[in-house]
Amino acid sequence: MIAHSANGPQPRSAPELLLLHALPLDSSMWAEQMHLLPGATHAPTLYSSGETIDAWARAALEPLKGDNIIVVGCSVGGSCALEVATIAPQRVSALVLIGTKARHHPDPTFHASALRLIDEEGLEAAWDSYWAPLFSRATGAATVNRAKEMALRSSAAEIARGVTVFHTRPSRDHCLSTFPGPITIVSGADDVAPGPRASALQAAAAINGRLHVLPACGHYVPLERAFALNAILTGLIGSLALA
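See the structure below:
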């Protein structure tokens, strides 16, 4: 694979896969993807990494050493992936954004109400209100229950920090139209945050964008349609290896 610079083409390092989790989940949501690049797949849990999306992105990048990073993010993890590409564009070879909205309009009232619900009623109430409805109705109860158990493993303070990071992130829609590598946009057909229509517009805005809409799937694609996502990622890894 070749990276282009002002001094001409330069060889890239071996590929690395960086997987960035959604709210209110953790790195274990990527269990079905960890084998895709054995020994070169990184899936941090981000809640302890700081109070901003910039801090999360810098912490996620720290253990990676090369300049051939495929960054995959779901929901707030996709926002973090865009931040990684903003911080270190020369090190990122491809982006995969799942259930991600690059443009952000802050909503302080919603932010405050989410923090209040977590503080006053707890994580389970917040799960029922905000995150459980993001699954497709076609998704089995076992998958939803597994995700809920994952979410409840984190502390209320950690999830509240994640909510704040999500609500205070900057818009990165300009990254879609300036990032030179492939940007793969993945949406569940039943997702509402942001959903297939917004995802299609984002794919169209990218220099090298591609859209995948997965049927019978909601917001949490790595859990709801792991096999389909793995096929997308495997194809991307293979295409980059041949470039």
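Numbered per the working numbering, the sequence shown spans residues 1199 to 1441. By construction, the Cβ of each residue, glycine as well, lies at the ideal position given by its N, Cα and C atoms.
Under the assumption that VAL1294 contacts LEU1216 (Cβ atoms under 8 Å), give the Cβ distance between them as a whole number of angstroms.
-> Not confirmed; about 10 Å, so no contact.
Would you kindly work out how many angstroms separate the C-alpha atoms of ALA1391 and SER1211, rounded to a whole number?
-> 35 Å
Which residue's Cα is closest to the Cα of ASP1389: GLY1433, THR1341, PHE1333, LEU1440?
-> Of the candidates GLY1433, THR1341, PHE1333, LEU1440, PHE1333 places its Cα closest to the Cα of ASP1389.
Just reading off the beta strand (DSSP E) that ILE1383 is part of, what are its end residues?
-> 1381-1386
What does a CB cutoff of less than 6 Å around THR1474 pick up in its chain, not counting 5 residues either side in sequence?
-> With the chain covering only 1199 through 1441, there is no way to say anything about residue 1474.
Go ahead and label ASN1266 buried or exposed: buried means 16 or more other beta carbons lie within 10 angstroms of its beta carbon, across all protein chains shown.
-> buried
Could you please give the first and the last residue of the uninterrupted beta strand (DSSP E) stretch that includes LEU1421?
-> It is not in any beta strand (DSSP E) - LEU1421 instead sits in the alpha helix (DSSP H) that spans 1419-1422.
When PHE1364, CYS1278, SER1226 are compared against VAL1290, the one with the closest alpha-carbon = CYS1278
Limits of the alpha helix (DSSP H) - the one that VAL1390 falls within = Looking at the DSSP string, VAL1390 is not in any alpha helix (DSSP H), and its letter there is neither H nor E.
Which residues in the same chain have their Cβ closer than 8 Å to the Cβ of TRP1325, if we skip the five residues on either side of it in sequence?
-> PRO1222, LYS1346, ALA1349, LEU1350
Rounded to whole angstroms, what's the CA-CA distance from ILE1383 to ALA1398? Just pull it up for me.
-> Cα to Cα, the separation comes out at about 8 Å.
When you compare each of PRO1394, ALA1401, ALA1404 to LEU1412 by their alpha carbons, which one comes out closest?
-> Considering only alpha carbons, the answer is PRO1394.
Rounded Cβ spacing between GLY1360 and TYR1245 (contact assumed at less than 8 Å) = 6 Å
For the stretch 1212-1246, which segments carrying the alpha helix (DSSP H) assignment without a break, of at least 4 residues, lie completely within its bounds, in sequence order?
-> none
Which of helix, strand or coil DSSP assigns to GLY1264 | Reduced to three states, the DSSP call for GLY1264 is coil.
Test item: CB-CB of ARG1367 and HIS1302 under 7 Å = yes
Touch test, the stretch 1273-1288 against the stretch 1370-1381, Cβ-Cβ under 8 Å, three pairs minimum | yes
Determine the DSSP secondary structure at ARG1344, reduced to helix, strand or coil.
-> helix
With DSSP run on the structure shown, which of helix, strand or coil describes ARG1335?
-> coil
In chain order, what residues of the same chain have a beta carbon less than 6 Å from the beta carbon of HIS1309, not counting five sequence neighbours either side?
-> Excluding sequence positions up to five before and after HIS1309, its CB lies within less than 6 Å of the CB of HIS1365, all in the same chain and listed in chain order.
Measure the alpha-carbon distance for PRO1331 versus TRP1228 and round it to whole angstroms.
-> Taking C-alpha positions only, PRO1331 is separated from TRP1228 by approximately 20 Å.
Taking the C-alpha atoms as reference points, what is the distance between SER1353 and GLY1237?
-> Across the structure, SER1353 and GLY1237 are spaced so that their CA atoms are roughly 29 Å apart.
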